[in-house]
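Residues in the sequence shown are numbered from 1 upward in steps of one, following UniProt numbering. Step one of this worksheet: look at the structure below.
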Amino acid sequence: MSEPISIDVKTDYLDHQSDPDNQRFVFAYHITISNNGGEPVKLLSRYWRITDGDQHVQEVEGQGVVGEQPEIEPGDSYSYTSGTVLPSEVGIMEGYYVMQNASGEQFQAPIDAFTLALPHALH
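Shown next as structure tokens:
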């Protein structure tokens, strides 16, 4: 069976909010969650593991995303934008969403690791 939930991530470095002289690098991430299954699902909570370029790990958990717990119908998708601040030019984020199907069963939708990096910071 293929995964009922697919997650697409795009990232941006926010130059105007960053302050490299003080090790403040701000990144936005744009996420689209698609429901490829046959029943509606609700996003209940999120878990992020953020690793900066110095291998320091920050874990973030919380209800919903951007203040919402969206319900996603079969064949539909939900998009949102959020952000994070790193003390380094490069970092990695990964995690999962806790979803609930129409039957009330909860499951994790994994978010594959993605890179946050200044333009031209990686070769």
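C-beta atoms are modelled at their ideal positions from N, C-alpha and C, and glycine is treated no differently. Computed from a predicted model, the values in this text were never measured in an experiment.
Residue 61 and residue 45 closer than 8 Å at C-beta: Cβ distance < 8 Å, so residue 61 and residue 45 count as in contact.
Residue 72 versus residue 55: straight-line alpha-carbon distance, rounded: Looking at the two C-alpha atoms, the distance is approximately 35 Å.
Which residues DSSP lists as bridging residue 106, in chain order: 100.
Buried or exposed by the 16-neighbour rule on C-beta atoms within 10 Å, applied to residue 113: With fewer than 16 other Cβ atoms from the protein chains shown falling within 10 Å of its own Cβ, residue 113 counts as exposed.
Nearest to residue 14 (by Cα), restricted to the options 5, 8, 30: Nearest option by C-alpha distance: 30.
Contacting residues, own chain, Cβ-Cβ under 6 Å from residue 65 (five flanking each side not counted): Excluding sequence neighbours, residue 65 sits near 46, 80.
Distance between residue 75 and residue 59 (C-alpha atoms, nearest Å): Taking the straight line joining both Cα atoms gives about 31 Å.
Contact belief for residue 27 with residue 11 at Cβ below 8 Å, rounded distance in angstroms: Distance from residue 27 to residue 11 at the Cβ level is roughly 6 Å; contact confirmed, criterion being Cβ atoms closer than 8 Å.
8 Å Cβ cutoff met for residue 32 and residue 77: Taking 8 Å as the Cβ cut-off, residue 32 and residue 77 qualify as a contacting pair.
Residues bridged to residue 12 [DSSP beta-bridge criterion]: Answer is 28.
Residue environment, residue 102, which counts as buried when at least 16 other CB atoms sit within 10 Å: When all chains shown are included, residue 102 counts as exposed.
Whole-Å CB distance - residue 99 paired with residue 5, under 8 Å assumed: Contact between residue 99 and residue 5 holds, with the beta-carbon distance rounding to 6 Å and staying under 8 Å.
Nearest candidate by alpha-carbon position, reference residue 41, set 70, 17, 63, 57: Residue nearest to residue 41 within the set 70, 17, 63, 57 is 70 (criterion: CA-CA distance).
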